[in-house]
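Heads up: take any position in the sequence shown, counting from 1, add 395, and you land on my numbering.
Glycine residues also receive a C-beta, built at the ideal position from the N, C-alpha and C atoms.
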Amino acid sequence: MHHHDLYAIGNALVDSEYEVSDDQLKAMGVDKRHMTLIDAPRRAELLGHLEGFATRRTGGGSAGNTVVALAQLGGMAFYACRVGADPLGAFYLQDLIDNGVASNLAAGQFAAGDTGSCLVMVTPDAERSMSTFLGATADLDHSALREEEIVRSKLYYMEGYLAASPTGLDAALRGRRIARSAGVRLATTLSDVSMIRFCRAGLEAIIGDDLDYLFCNEEEAQVWCDSQDLPAVCKQIGQLARTVCLTRGPQGCLVLEGGRQTAVAAASVRAIDSNGAGDMFAGAFMYAVTHGHSHAQAAWLANQAAAVVVSQYGNRLTREAMDGVKARFAQFVAQS
Numbered sequence: 396m397h398h399h400d401l402y403a404i405g406n407a408l409v410d411s412e413y414e415v416s417d418d419q420l421k422a423m424g425v426d427k428r429h430m431t432l433i434d435a436p437r438r439a440e441l442l443g444h445l446e447g448f449a450t451r452r453t454g455g456g457s458a459g460n461t462v463v464a465l466a467q468l469g470g471m472a473f474y475a476c477r478v479g480a481d482p483l484g485a486f487y488l489q490d491l492i493d494n495g496v497a498s499n500l501a502a503g504q505f506a507a508g509d510t511g512s513c514l515v516m517v518t519p520d521a522e523r524s525m526s527t528f529l530g531a532t533a534d535l536d537h538s539a540l541r542e543e544e545i546v547r548s549k550l551y552y553m554e555g556y557l558a559a560s561p562t563g564l565d566a567a568l569r570g571r572r573i574a575r576s577a578g579v580r581l582a583t584t585l586s587d588v589s590m591i592r593f594c595r596a597g598l599e600a601i602i603g604d605d606l607d608y609l610f611c612n613e614e615e616a617q618v619w620c621d622s623q624d625l626p627a628v629c630k631q632i633g634q635l636a637r638t639v640c641l642t643r644g645p646q647g648c649l650v651l652e653g654g655r656q657t658a659v660a661a662a663s664v665r666a667i668d669s670n671g672a673g674d675m676f677a678g679a680f681m682y683a684v685t686h687g688h689s690h691a692q693a694a695w696l697a698n699q700a701a702a703v704v705v706s707q708y709g710n711r712l713t714r715e716a717m718d719g720v721k722a723r724f725a726q727f728v729a730q731s
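As structure tokens, then:
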């Protein structure tokens with residue numbers, strides 16, 4: 396009997412989000428639209444630039460955002476992660492608890508060192524640029540796994556960013572083997588073009604040859620396939636998993652499976668902050684498929700949830716906003 400809809404493993408990060416101009420981004424030397432790993436001195440340098448800027452602090456990490464999205468929709472989730480024994484670590488654990496997400500942290504599994512953090516800089520064109528200090532999560536390893544929780548889950552989700560961490564990658568792959576042996580479906584995301592360019596071998600190991608669900612955006616798919624030709628990209632990327640969700644921003648998404656392609660339209664919104672959009676899409680999609688909905692219905696819900704998150708600042712939705720998304724989904728399913 397299943398206990399969790401989703402078991403995920405990923406980086407635990409506390410996000411601090413700032414609104415900046417393109418000129419300010421250039422002055423700080425931040426690579427626009429992508430995620431860059433930084434060390435403690437670089438983090439201190441950036442914080443010096445950002446002194447006096449208004450900031451919003453939330454729980455984050457790609458898979459962390461995904462499990463919270465699924466839980467807010469009513470799903471049951473478990474998150475394997477690593478935080479430091481510091482105020483940010485306590486903040487992160489409380490955020491998971493408040494959102495109904497179970498985790499290995501609940502047993503008091505805190506590490507030495509600082510909890511990871513991410514400086515998210517949002518420009519007026521709604522693009523987000525991330526500078527990530529991994530801190531304690533850099534040493535995420537198999538001790539965060541809970542085999543008894545993995546085997547009682549419907550889906551096992553591996554954050555693609557773990558391809559950059561030898562111990563994190565090892566943990567994700569150990570969990571993958573446990574999940575596959577127990578018949579648990581497998582899912583992952585390409586995460587960011589930087590992961591594809593610099594950590595492709597790790598991503599290939601996570602994907603393997605029996606992946607059930609893969610999430611990626613159009614730019615990531617193009618970089619993976621080294622092509623700008625959408626039909627060619629779809630044909631190649633579609634071979635990586637039984638179901639591939641290729642998101643295209645305001646153009647919606649394509650669901651690729653078995654050589655078939657289903658286009659699902661996006662909701663029409665004015666985007667102001669793209670931070671968390673892909674994470675939200677994955678969480679909403681996996682909520683729907685673990686609750687008996689078709690892949691086309693799941694993609695509709697995922698597009699709706701992602702549209703709401705990009706129309707506001709921040710990587711998470713309030714419970715009220717998510718309740719609204721869920722109510723619209725119920726109407727959509729009833730009319731389908």
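Span of the alpha helix (DSSP H), counted from its first residue to its last, around Glu652 = No alpha helix (DSSP H) contains Glu652, which is instead part of the beta strand (DSSP E) from Cys648 to Glu652.
Taking Arg452 as the reference, give the member of Asn460, Phe680, Val409 and Ala691 with the closest Cα.
-> Val409
With DSSP as the reference, please indicate the residues paired to Ser524 in a beta bridge.
-> Met516
Hey, which unbroken runs of the alpha helix (DSSP H) at 4 residues or more fall wholly within the segment 402-489?
-> 417-423, 435-444 and 457-467
Where does Leu585 fall in DSSP's three states?
-> coil
Could you name the residues that DSSP lists as bridge partners for Ala339?
-> With the chain covering 396 to 731 only, the question about residue 339 has no answer from this structure.
Short Cβ contact (9 Å threshold) for Tyr402 with Leu557 | no
What are the boundary residues of the beta strand (DSSP E) that Asn612 is part of?
-> Tyr608 to Asn612
Close beta carbons around Ser388, own chain, < 8 Å, minus the five adjacent residues each side | A query on residue 388 cannot be resolved here, the shown segment of the chain reaching from 396 to 731 and no further.
Of the choices Val588, Thr584 and Leu529, whose alpha-carbon is the least far from that of Ser560?
-> Leu529
Mind checking whether Glu613 and Thr583 have CB atoms under 9 Å apart?
-> no
Could you work out which residue in Leu606, Asn460, Ile601 and Ile602 is closest to Arg580 when comparing CA atoms only?
-> Leu606
Closest to Val618 by CA distance: which of Gly597, Leu585, Arg637 and Leu649 is it?
-> Leu585
Taking the DSSP output, what are the residues bridged to Val639?
-> Leu609 and Leu651
Can you tell me where the alpha helix (DSSP H) with Tyr556 in it begins and where it stops?
-> Looking at the DSSP string, Tyr556 is not in any alpha helix (DSSP H), and its letter there is neither H nor E.
Does the Cβ-Cβ distance between Ala480 and Ala506 come in under 9 Å?
-> yes
List the residues that DSSP assigns as beta-bridge partners of Val496.
-> Ala472
Rounded distance between the beta-carbons of Gly511 and Ala407, thought under 8 Å | 6 Å
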